[in-house]
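Top to bottom, those sequences are chains R and W. Going by the numbering used here, the first residue of the first sequence is number 1, and it counts up by one from there. Going by the numbering used here, the first residue of the second sequence is number 189, and it counts up by one from there. No residue lacks a Cβ here, since even glycine has one placed at the ideal position from N, Cα and C. From a predicted model like this one, the values you see are computed outputs, not experimental measurements.
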Amino acid sequence: MLSSKGFGQLGMMLRRRAAVVISLALILLFPVSIEASPSDEYRLKAALLFKLGDFVTWPDSDREPFEICVFGKNPFDGALVALQARKVKDKQIALRFFDRVNANLGQCHILYIPASENMHISSVIMSASYNSVLTISDIQNFAETGGMIELTKKNNRIGFRINLRVVKEAKIKIASPLLELATIVSTE
Amino acid sequence: MCLRRRPSQLENFRRRCLLSVLVFACSSGASHADDMDHLLDLPLLELLDMEVTSVSRREQNLLTAPAAIHVVTNDDLRRRGITSVADALRMVPGIHVASIDGNKWVVSSRGHGGRFSNKLLVQIDGRSVYTPAFSGVYWDIQDLVIADIDRIEVIRGPGAALWGANAVNGVVSITTKSAEATQGWLLEAGTGNQLSGLATLRYGMEIDDNQKARFYLKSRQYESNDRVANAGDANDDWDVSSAGFRLDGAAGDDSWTLQGDLFQANEDQLLSAVFQPAPVFAQAEVKDKVDSTAWNILGRWERNHNSDSTSTLQLYWDHTKRNEVYAGQKHDTLDVDFQNQLSLGENHSLVWGLGYRRVEARYRNSFSIKVIPESQNTDLYSAFFQDQITLLPSVLTLTLGSKFEHNEFTGFEVQPSARVMWLPAAGHSVWASISRAVRTPSIGDNGSDVVSSPVPAFMVVRGNEDFQSETVDAYEIGYRYHGSNQFTIDATAFYNEYDDYRSFEFSSPTVLLMDNQIYGNSSGLELSGVWQAARWWQLKASYSYLHLDMKNRQQSTDTINALVLNGSYAKNMWKLQSSMDVADAWEIDAWFYYVGSIDAPSTVALMAGTSIDDYVSTNARVAWKYHPDVELSVTANNIFDSGHLEYVGEHFSVPTEISRSVLAQIRWQF
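Take a look at the structure:
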């Protein structure tokens, strides 16, 4: 058996810590109800996801419903819900949420990859690459690393960077009013 | 414009909420749906003109990280039928994973492998899992519900500036999913010829709108392998069970996590010898039982401050206890860590932190192995900063950082790094780095007596109070191609200069004293690529080359350690993976890896003249989704090989062949 002598000092410290941890746990477990409210940032981004649809043409234009997808942890809270009552190009919007990479990602019209999923960008983009999926994210340099539309922030406003090359590769067309608002990263 | 006005109201509201969190339940009166509808009716130009004062910090893109980083995702783990943490790393480019026997692993990056390898920093959800006695990892007791792992980040090369000592050749950081992402039931059962029994039960529940929790139970039972040359059973059967929970909550700008695990492993092992005082000297081939238990509890609190700044406070207590015939070890670790991320202007993204760790260690010594003193406490203080400086937006970034540590044995250690990332054009990134890392002395390096041979007299390897930190200066360059969505390339080359490496010097005819008389260098190349060959077919390939040249200083009397360092790695490795999705319900995966020959895996093997032949391992998994919630799978490892030797461990190891294995699994999630 191992001796447990000499644990006094840490023991006391740990008992005190344990008291803190336990009271913390009790506080945490005590039901607290704060209505989760979407942040301004994500309400604005949700609105942008909706608006972008008007400026983009997908090759298989008959595909219905209009699928707006989020990969991984959904940062929008409730902000996307209002989109379900709307239409893009006369097609009803449907929301889809993915928690694993699979070929079904290819069914999305718009695929949003939140900042929390920065580890998965490459695998998500690649698995959607044989379909015409408009990929959008606010992860830094998204447009340089195979993404299509990167949301940026400047002077507390949201902007776009667009990688036209991968957009074209996916046979997606972006109308010029949107291109004029954006920074074009690759035109090749 | 409503958005421009709202932030202050919202913030006031949040502040009120936070104050009253424990007393009242506060509710927001405004209807967000109405606001949302208003936003949706605005033209794009007006949306883009809106000012949002609290835009969250933009997450760094891993694909433009100036380091050799690779991520193993949850999908990768599922698609290879992974059941243990060490095996999860087998297909990572440049990483060498070898089984010594059924319950002992070697995991190394860029050489310096071995069961008691101390050059890799490993952590699970921010909790360090190396054993302070020798600064290595007991992989057998690192048990997790594999389905609940979100990702494993592997950094090859030094990560010390951010992560601290022992991140000499790499960092492995395992992150489990949040409780929110693991809601509902997961039931898993499996059986096979090696892993004869696997059972997992996980339940995730909602406590209220803001808090989610999960609980799990897991158990595995393994059959034994065979010794080399048909020498019979290797006596390495074992079982491991674990239980744990995780609770995640969020309210306003705060989020928190409380998690804990409990592990118990019972392992058989066969020891080549156990030394005893004269006149017995040694007992050969001892069947021993390892009894290992561990538990931990961790709390983390994160707060998003108003503008571009996040603070995290983390506290954990980790307990491990391991008993085997030649030693007993008990460690209690208390760790407190504070981190703050903030943006200074447009061009500086700063992270800094402070840490404190106390380890209370208790040992049961034997004639073979003594840790001196048997009971000791050590304190570690640390601080770090890292500034990511944007020199040219989206083109050139410079990252400067350093860790500062004060440890019990060598005092202050400084571990700086400088990294540059250059994006010459969309789809191409080039990076370079210079960094310094140290491997601080373990408790065993500082004071221990290990009997290494009973003849001609008892030879003892002795720890040394004056043992210094081992150091590396690392130079790396890398290139990534992401110009196409169907094809990516990642290449890294490195050159490391090592100094003050551990040597054993004769201080008397029967005593070898630990010293720092070895130096040298390593160089290597790591290439990997991914090709999405079709919508349903992905191929991944990697190749790595490594060369080590470690030498003794002139005055050194050590004739063994440099030979082992130069002989204990595979010069060449390649890995190939194919993943197919067939007809929606089927996943078909095959993977192959080649590990080059290893001349001198350990001192014991060098003395016995045992080397490891190169081998190709062929593996496959077929999974069928019988129902959206139910998946049936069969995984086969080492298909064309009834058994092969992967490594021979340092102390008292009996060479054991790793057998071909087949595992059938069912996973039910609802």
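Residue range of the unbroken alpha helix (DSSP H) whose run includes residue i
i: Thr791(W); result: Thr791 to Ala796
i: Lys759(W); result: Note, Lys759(W): premise wrong, no alpha helix (DSSP H); not H, not E.
i: Gly632(W); result: Ile631 to Asn634
i: Arg165(R); result: Leu164 to Glu169
i: Ala349(W); result: Ala348 to Trp351
i: Ser116(R); result: From DSSP, Ser116(R) is part of no alpha helix (DSSP H); its letter is neither H nor E.
i: Ser176(R); result: Ser176 to Leu181
i: Glu234(W); result: Leu232 to Leu236
i: Leu265(W); result: Asn262 to Arg267
Endpoints, beta strand (DSSP E) assigned at residue i
i: Met126(R); result: Here Met126(R) belongs to no beta strand (DSSP E); instead the alpha helix (DSSP H) covers Ile121 to Ser127.
i: Trp444(W); result: Asp442 to Phe463
i: Arg402(W); result: Gln399 to Tyr410
i: Asn104(R); result: Here Asn104(R) belongs to no beta strand (DSSP E), and DSSP marks it neither H nor E.
i: Thr844(W); result: Thr844 to Ser847
i: Phe780(W); result: Trp774 to Val783
i: Gly150(R); result: According to the sequence displayed, residue 150(R) carries Glu and not Gly. Ile149 to Lys154 is the span of the beta strand (DSSP E), which, as asked, contains Glu150(R).
i: Glu534(W); result: Careful: Glu534(W) lies outside any beta strand (DSSP E) and carries neither H nor E.
i: Tyr391(W); result: Leu383 to Asp396
i: Gly708(W); result: Val699 to Ala722
i: Arg741(W); result: From DSSP, Arg741(W) is part of no beta strand (DSSP E); its letter is neither H nor E.
i: Ala824(W); result: Val818 to Asn825
i: Val294(W); result: Lys292 to Ser297
i: Gly831(W); result: Gly831 to Leu833
i: Arg809(W); result: Tyr803 to His815
i: Lys591(W); result: Leu584 to Asn595
Neighbourhood of residue i by C-beta, 7 Å cutoff - its chain only, sequence neighbours within 5 removed
i: Asp338(W); result: Asn262, Thr363, Thr364 and Lys365
i: Leu179(R); result: Ile162
i: Leu265(W); result: Ala276, Ile334 and Ile337
i: Asn634(W); result: Phe597, Gly651, Glu653 and Phe655
i: Trp351(W); result: Leu309 and Val359
Of the listed residues the options, nearest to residue i (C-alpha basis)
i: Val487(W); options: Gly314(W), Ile283(W), Gly301(W) and Phe675(W); result: Residue identity differs from the one stated: residue 487(W) is Gly in this sequence, not Val. The option with the nearest alpha carbon to Gly487(W) is Gly314(W).
i: Glu341(W); options: His300(W), Trp426(W), Pro281(W) and Trp293(W); result: Pro281(W)
i: Asp496(W); options: Gly533(W), Val468(W) and Ala758(W); result: Gly533(W)
i: Ser710(W); options: Asn684(W), Thr680(W) and Ala613(W); result: Asn684(W)
i: Asn826(W); options: Trp779(W), Val792(W), Pro816(W) and Ala811(W); result: Trp779(W)
i: Pro816(W); options: Ala773(W), Ser590(W) and Glu512(W); result: Ala773(W)
i: Asn423(W); options: Ser430(W), Gly432(W), Asn413(W) and Ser429(W); result: Asn413(W)
i: Gln107(R); options: Val133(R), Met126(R), Ala82(R) and Leu151(R); result: Val133(R)
i: Arg268(W); options: Gln853(W), Phe858(W) and Gln857(W); result: Gln853(W)
i: Ala750(W); options: Leu736(W), Gly589(W), Tyr569(W) and Ala758(W); result: Leu736(W)
i: Arg552(W); options: Glu512(W), His258(W) and Tyr781(W); result: Glu512(W)
i: Val203(R); options: Val88(R), Ala79(R) and Thr145(R); result: Only positions 1 to 188 of chain R appear in this structure, which leaves residue 203(R) out of reach.
i: Leu764(W); options: Ala793(W), Trp719(W), Glu376(W) and Gly797(W); result: Trp719(W)
i: Tyr866(W); options: Thr578(W), Pro581(W), Val583(W) and His594(W); result: This structure does not reach residue 866(W), given that chain W is present from 189 up to 858, and the question cannot be answered.
Spatial neighbours of residue i in its chain, beta-carbon cut-off 8 Å, leaving aside the 5 residues before and after
i: Ala470(W); result: Ala461, Val462, Phe463, Gln464 and Pro642
i: Tyr814(W); result: Ala773 and Leu820
i: Phe858(W); result: Gly372, Trp373 and Asp817
i: Asp829(W); result: Tyr803, Ser805, Thr806 and Arg848
Same chain only: Cβ atoms within 6 Å of residue i, ignoring 5 sequence neighbours per side
i: Ser563(W); result: Arg550
i: Ser33(R); result: Confidence is the limiting factor: at Ser33(R) the pLDDT is only 37, short of 50, which leaves the residue's position unreliable, though a coordinate-based value still follows. Excluding residues within five positions, none has a Cβ falling inside 6 Å.
i: Gly8(R); result: Note that Gly8(R) has pLDDT 48, beneath the 50 cutoff, so the model's placement of it is unreliable and no number is given.
i: Ser480(W); result: Ile329, Ala453 and Arg510
i: Ile184(R); result: Ile162 and Leu164
i: Asp90(R); result: none
i: Val539(W); result: Gln529 and Gln574
i: Asp520(W); result: His507 and Glu548
- [ ] Within the segment 38 to 84 of chain R, note down every full alpha helix (DSSP H) run reaching 4 residues or more, in order along the chain.
- [x] Here the runs fully enclosed are 40 to 52.
TODO: For the segment 570 to 583 of chain W, enumerate the residues whose C-beta is nearer than 7 Å to any C-beta of chain R, in chain order.
DONE: Along the segment 570 to 583 of chain W, the positions whose C-beta sits under 7 Å from a C-beta of chain R are Ser582, read in chain order.
- [ ] Return the residues of the segment 784 to 795 of chain W that lie within a Cβ-Cβ distance of less than 7 Å from chain R, sorted by chain order.
- [x] Hits within the stretch: zero.
Task: Residues in the segment 674 to 700 of chain W having any Cβ partner in chain R nearer than 8 Å - done: Within the segment 674 to 700 of chain W, the residues whose Cβ lies closer than 8 Å to some Cβ of chain R are Gln674 and Thr676, listed in chain order.
Open item on the list: Can you pull out the residues from the segment 708 to 725 of chain W whose beta carbon lies closer than 7 Å to at least one beta carbon of chain R?
Closed with: Per Cβ criterion, the list reads Val718, Gln720, Ala722, Arg723 and Trp724.
TODO: Select from the segment 260 to 272 of chain W all residues with a C-beta closer than 9 Å to any C-beta belonging to chain R, and list them in chain order.
DONE: Hits within the stretch, in order: Thr261, Asn262, Asp263, Asp264 and Arg266.
Task: Sequence ranges, alpha helix (DSSP H) only - wholly within the segment 602 to 684 of chain W, length at least 4 - done: DSSP runs (the alpha helix (DSSP H)) wholly in the segment 602 to 684 of chain W: 631 to 634.
Task: chain R contacts made by the segment 297 to 316 of chain W, where a contact means CB separation under 8 Å - done: Residues: none.
Open item on the list: Can you pull out the residues from the segment 86 to 116 of chain R whose beta carbon lies closer than 8 Å to at least one beta carbon of chain W?
Closed with: Listed by position along the chain: Arg86, Asp99, Arg100, Val101, Asn102, Ala103, Gly106, Ala115 and Ser116.
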